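Protein chains in written order, with the numbering used here: chain A, 1 to 372; chain B, 1 to 325. For glycine and all other residues, C-beta sits at the position ideal for the given N, C-alpha and C. Predicted model, so just to flag it, every value in this text is computed and none were measured. Encoded as structure tokens, the structure appears first; notes follow it.
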């Protein structure tokens, strides 16, 4: 290439770089009706149904709400701490995580970064005591995992099931632990219901569940039901395929949480009796609250945030079509509805209004608001 | 007792002992025909993975990728089979082709970049798991019932039997099998007499790919779907199969390694099922499985030392008796 051409290329590249910088700056300005807030979100992964739903919802609202959301995944407490460090280094204003620990709070305190937990309340008293002492601890949101565990057993019992096997994720996952406890406690309330066996597997336990269900069916012929703490990551298909392999479709009933593709088929053939899901908007409400607090448009006055939501339960085939239409294939809350309860966009609203909107979440509520 | 019969007894002692122990302690819940058939169906997958790892394990190559290869090959092969409407045959062919390709990729990274096998394996696991979340929109694969035939008996046993016969021939009656054994016993010496490390490893990774492809077929058929996975969750499939390979390696003095892996894998699946039959808590199940393996390997690894100790003691006693006399 001649010297002249090289000079021309260099000048063109400079212009291109300048142009891209100014266009990015312009883009930032365009969405900055409010101050841009950077939030780090620590999930367990974004390939399962719930994780993917979180990601999709953040993609839907982030730009409109002036949020830059960084999604990272971790499963152990050590990973959470390490990821919190990385997010703080990356310059986030706040962190949402599903397993908050005292070391994370310390890191956030030192860096002036806000911290919240989603998925479950803080159950450890020592951790709560540490969090209470921090100005950067904002609170939690939770869905009724414990109650949903109980609802699963109740549905099985009312269907006539009496000999139940419980499948779950290994202890240490707060959501699944609450569901597990709900299942066990509810089963214990019924004198004529027995937990004949249990198995707790890894996070991607579909193959293990498939194997163990076949073992349970072979060794416990009295088994008539399974309560499983989570259906995602292929667990639903694995368990129902295993039942099909041993010819127990429709004979052994399954109750679980986290609605998946193909749920309608399983509900129709009778192998799946109860499934709950649709809890993904929880993290959006929490992120909106965090952003409002960071911007200073919402002052909690030292009070801790404590959002409470619920699963949407489907028993039998009733309600699945509506669930699919309004919850799976659409966003249960649209941008305008969410902006109406965000003090950053509607100074006349309040924390209580946001709390009430999320707390009233149900299939009827979404149908009423989004009737098509 | 003839040597052959003695070897058969020594091989079967372990599974028979496990059967009896769990039958007794589960008060008869374990050991029924439906229960053993259920174990049989499960063990097919782990046996195929164990066989896949066999050649490389003998040569000291630790491969942690089986679970990730099974998942990714299942997703690729399953999606292609569904979109081409090629049924069970398509599932088998495309899963095998996918798995062989992935294993060859692992081979190239491991052999030519000279990265230690453990590190290479872990790195490739991360890559393959990431690919499960990226390919086909990150939705994995959901198989229709008509192509999950091979999960059911007797078809899964037919797959196992055919695969077993082919592997037995490859390991015992081919040049590659002999080269694998010689490289396993002494790599430097084998190479000095002209055995090609590159060619042998290449063929072994291809064999591994074929068997992992079959494992992908069985796994996806049993589960009805394969979901994307991350965070090294796929390692557990390889570890479960490796336990069977370890037992097989310890039985190698009494039976062929191919048969030894069958015995080892079936025994581990009996242990897993037996713990369920005993009604053991989930946490204790994992502890019990680990303890079982440690005890078995401990006894097996030290049986020669123990025999020598008693033989020496006997000899000392004989010498002392002669001196006194």
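Annotation: residue 247 of chain B to residue 78 of chain B spans about 32 angstroms, alpha carbon to alpha carbon.
For residue 33 of chain B, the number of other beta carbons within 10 angstroms of its own is below 16, and it is reported as exposed. A Cβ-Cβ distance of about 19 angstroms is found for the pair residue 132 of chain B and residue 120 of chain B, leaving them out of contact under the 8 angstroms criterion. Listed along chain B is no residue with a C-beta nearer than 9 angstroms to that of residue 268 of chain A; the closest approach is about 14 angstroms. Inclusion of residue 140 of chain B and residue 75 of chain B in the CB contact set at 7 angstroms is warranted, their separation being smaller than that value. Its chain contains 77 as the residues whose beta carbon lies nearer than 6 angstroms to that of residue 101 of chain A, once the 5 sequence neighbours on both sides are disregarded; these appear in chain order.
In summary, no residue of the segment 79-102 of chain B has a CB separated from any CB of chain A by less than 8 angstroms.
Annotation: residue 252 of chain B is outside any beta strand (DSSP E) and is labelled neither H nor E by DSSP.
Assignment of alpha helix (DSSP H) within the segment 80-134 of chain B, counting only whole runs of 4 or more residues, yields 87-112, 117-134 in chain order. The three-state reading of DSSP puts residue 246 of chain A in coil, since its state is none of H, G, I, E or B.
Around residue 226 of chain B, the beta-carbon contacts reaching into chain A at under 7 angstroms are 234. For the options A:364, A:304, A:160, A:269, the alpha carbon positioned closest to that of residue 286 of chain A is the one of A:304. Taking a C-beta distance under 7 angstroms as the contact criterion, residue 223 of chain B and residue 210 of chain A qualify as a contact pair.
In the three-state reduction of the DSSP assignment, residue 162 of chain A falls in the coil class. Cβ neighbours of residue 238 of chain A within its own chain (closer than 6 angstroms, five residues either side excluded): 206, 209, 210.
The alpha carbon of residue 262 of chain B has as its nearest neighbour, out of B:213, B:49, B:4, the alpha carbon of B:49. In chain B, no part has a C-beta under 7 angstroms from the C-beta of residue 172 of chain A; the shortest such distance is about 11 angstroms.
Residue 35 of chain B has a beta carbon lying within less than 7 angstroms of a beta carbon in chain A. Nearest CB-CB separation between residue 313 of chain B and chain A: not below the 7 angstroms threshold.
Of the residues A:139, A:129, A:350, the one whose Cα lies closest to the Cα of residue 96 of chain A is A:139. Excluding five sequence positions before and after residue 64 of chain A, the CB atoms of its chain that fall closer than 6 angstroms to its own CB belong to 335, given in chain order.
Here the C-alpha atom of residue 117 of chain A lies approximately 22 angstroms from the C-alpha atom of residue 331 of chain A. Contact between residue 39 of chain A and residue 72 of chain A does not hold, since the beta-carbon distance rounds to 11 angstroms and is not under 8 angstroms. With respect to the 7 angstroms criterion, residue 257 of chain A and residue 276 of chain A are classified as neighbours on the basis of their beta carbons. Contact of residue 42 of chain B with chain A is assigned, a C-beta pair being separated by under 7 angstroms. Assignment of residue 180 of chain A by DSSP, reduced to helix, strand and coil, places it in the helix class. Within the segment 163-216 of chain B, the runs of alpha helix (DSSP H) at least 4 residues long that lie entirely inside it are, in chain order, 175-185, 187-192. In this structure residue 120 of chain A is buried. Its beta-carbon is surrounded by 16 or more other beta-carbon atoms within 10 angstroms. The C-beta of residue 38 of chain B comes closer than 7 angstroms to at least one C-beta of chain A. Interface flag for residue 301 of chain B against chain A is unset, since no Cβ pair is found closer than 7 angstroms. Ranked by Cα distance from residue 19 of chain B, the options B:300, B:322, B:287, B:275 are led by B:275.
Residue 260 of chain A and residue 310 of chain A have their C-alpha atoms some 18 angstroms from each other. Under the Cβ criterion of 7 angstroms, residue 276 of chain B is counted among the residues facing chain A. Between the segment 283-299 of chain A and the segment 343-357 of chain A there are three or more inter-stretch CB-CB distances shorter than 8 angstroms, so the stretches are counted as touching.
Close to chain B, meaning a Cβ-Cβ distance shorter than 7 angstroms, are the following residues of the segment 184-206 of chain A: 197, 198, 199, 200, 202, 203, 204, 206. Secondary structure at residue 359 of chain A: helix, using DSSP grouped into helix, strand and coil.
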